[in-house]
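Undergrad:
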Amino acid sequence: MMKNTTILLLFTFAIGFTSFAQNQKFKLGLNLFPNYCLGIVSSSMNGDDGVKQVIQNFETWKPSISASVFVEYQLKENAFLGFGMGYQNNGEQSKKKALVFNIDPTTGQSIFDPSQPSHAKYKYNHHNLEIPVFYRHLFNDRFYGLVGLSGIVNLFNTRTSIYYYTEKPSERNTKIDNSTDFRRLNLSTNIGVGYDLLQKEKFTLYVQPNIQCAILGVSKNAIINRNPISLGLAMGIRL
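Start counting the sequence shown at 328; every next residue gets the next number (our numbering).
1) Kindly provide the ranges of any beta strand (DSSP E) runs that are 3 or more residues long and lie completely inside the segment 486-517, ordered along the chain.
2) If you draw a straight line from the alpha carbon of G519 to that of R469, how long is it in whole angstroms?
3) Hey, how far is the Cα of P493 from the Cα of G366?
4) Do Q415 and E457 count as a contact pair if the criterion is CB distance below 8 Å?
5) Identify, in the order they occur along the chain, each residue of the same chain with its Cβ nearer than 7 Å to the Cβ of G521, setting aside the five sequence neighbours on each side.
6) What is the DSSP secondary structure of F384, counted as helix, strand or coil?
7) Would you mind giving the Cβ-Cβ distance between V480 and R510, rounded to the nearest angstrom? I have them listed as a contact below 8 Å.
8) So, under 8 Å CB-CB, Y400 and P444 are touching, yes? Tell me the CB distance rounded to an integer number of Å.
9) Check each candidate in L482, L476 and K502 and name the one with the smallest Cα separation from S488.
10) Restricting to Cα atoms, I'd like to know which of R499, T507 and R463 is closest to F407.
11) From what residue to what residue does the beta strand (DSSP E) around V460 run?
12) Pull up the distance between the alpha-carbon of P496 and that of K448, whole angstroms please.
13) Go through its chain and collect everything with a Cβ distance to K547's Cβ below 6 Å, but skip five positions before and after it.
14) Look at the Cβ atom of G478, then the Cβ atom of F461, and state whether they are nearer than 8 Å.
15) Does the separation of the CB atoms of N358 and A561 fall below 8 Å?
16) Drop a sphere of 10 angstroms on the beta-carbon of I607, count the other beta-carbons inside from all chains shown, and report buried for 16 or more, exposed for fewer.
17) Going by C-alpha to C-alpha distance, which of L402, L465 and E498 sits closest to S442?
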């Protein structure tokens with residue numbers, strides 16, 4: 328239901344602003360942001376550095392992807408103000424770890440059982456509605472810098488368990504993640520430097536190395552919290 332609502336909102340947004348794109352001061356665009364994301368671990372209590380270090384050693388960057396439609400308004404020759412709406416995915420994943428179910432008491436070694444998984448990995452995904460507002464400044468006719476702030480609405484969260492076997496294919500199981508009281512509303516900062524690859528009369532194709540970081544943790548009240556940070560290469564089109 329939430330996915331359908333998000334798609335409807337994006338479609339309505341794009342249709343509603345198509346007429347603005349007819350004005351030379353307005354540009355309608357589509358942005359795709361493949362990235363790697365990690366939850367920066369924080370704690371609300373002193374003395375938890377050891378716990379934070381264990382978590383940081385256990386987790387690693389997760390491939391993610393976000394997409395949005397946007398509208399830019401030309402403030403002056405080299406300055407643009409934009410806002411949009413889109414889908415944001417972030418989170419983190421664990422490293423692939425060996426599983427031990429039984430120990431041989433005489434040798435202290437793990438007992439191999441082919442019916443049990445030998446390794447496991449876990450992925451944590453936050454599915455969000457993103458509402459970006461940004462300022463884009465041209466350095467010359469192709470290079471530009473971008474800074475912005477996004478409103479984030481958390482739609483739902485999932486946890487995917489992946490189990491690896493030695494004698495059969497891996498198993499994947501995805502469930503809704505209710506492990507904490509997830510924060511419904513958040514903000515994230517956006518910083519990028521871009522380059523217009525192709526400039527035509529009716530459209531422009533661009534690429535933009537980008538960094539995005541959540542201001543607040545994903546949980547409302549967890550002692551150990553995470554602030555998602557995403558690094559990637561945005562790409563898109565302006566009409």
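The beta-carbon is built from N, C-alpha and C at its ideal position, and this holds for glycine as well.
TA: The relevant details are as follows:
1) 498-503
2) Numbered from 1 along the sequence shown, position 192 holds the residue referred to as residue 519. Numbered from 1 along the sequence shown, position 142 holds the residue referred to as residue 469. Roughly 14 Å separates the two Cα atoms.
3) Position 166 of the sequence shown, counting from 1, holds the residue named residue 493. Position 39 of the sequence shown, counting from 1, holds the residue named residue 366. In the sequence as presented, Pro is not what sits at residue 493; that position holds Thr. Cα to Cα, T493 sits roughly 31 Å from G366.
4) One-based indexing of the sequence shown puts residue 457 at position 130. One-based indexing of the sequence shown puts residue 415 at position 88. It is a contact, given that the beta carbons lie within the stated cut-off.
5) Walking along the sequence shown from the start, residue 521 turns up at place 194. Within the same chain, G521 has close Cβ partners Y471, L473, Y533, V534 and Q535.
6) Working through the sequence shown from its first residue, we reach residue 384 at position 57. The sequence given here has Asn at residue 384, not Phe. DSSP places N384 in helix when its eight states are reduced to three.
7) Sequence index remark: in the sequence shown, residue 480 carries index 153 (1-based). Sequence index remark: in the sequence shown, residue 510 carries index 183 (1-based). So it is not a contact: roughly 10 Å between Cβ atoms.
8) Numbered from 1 along the sequence shown, position 73 holds the residue referred to as residue 400. Numbered from 1 along the sequence shown, position 117 holds the residue referred to as residue 444. In fact, because the Cβ distance is near 54 Å, the residues do not count as touching under 8 Å.
9) By one-based count along the sequence shown, residue 488 stands at place 161. Ranking the options by Cα distance to S488, first place goes to K502.
10) On the sequence shown, position 80 is the one that residue 407 refers to. Comparing Cα-Cα distances from F407 to each of R499, T507 and R463, the minimum goes to R463.
11) Against the sequence shown, residue 460 aligns to sequence position 133. Residues H446 to L465.
12) Indexing the sequence shown from 1 puts residue 496 at position 169. Indexing the sequence shown from 1 puts residue 448 at position 121. So the two alpha carbons sit approximately 14 Å from each other.
13) Translated into positions along the sequence shown, residue 547 becomes position 220. Once the five neighbours on either side are set aside, the close Cβ partners of K547 are D508 and R510.
14) What you label residue 478 is simply residue 151 of the sequence shown in a count that begins at 1. What you label residue 461 is simply residue 134 of the sequence shown in a count that begins at 1. No, they are not a contact pair.
15) Taking the sequence shown and counting its residues from 1, one reaches residue 358 at position 31. Taking the sequence shown and counting its residues from 1, one reaches residue 561 at position 234. Contact flag set, yes.
16) Residue coverage of the chain in this structure runs from 328 to 566, which leaves residue 607 outside it and unanswerable.
17) Counted from its first residue, the sequence shown places residue 442 at position 115. Ranking the options by Cα distance to S442, first place goes to E498.
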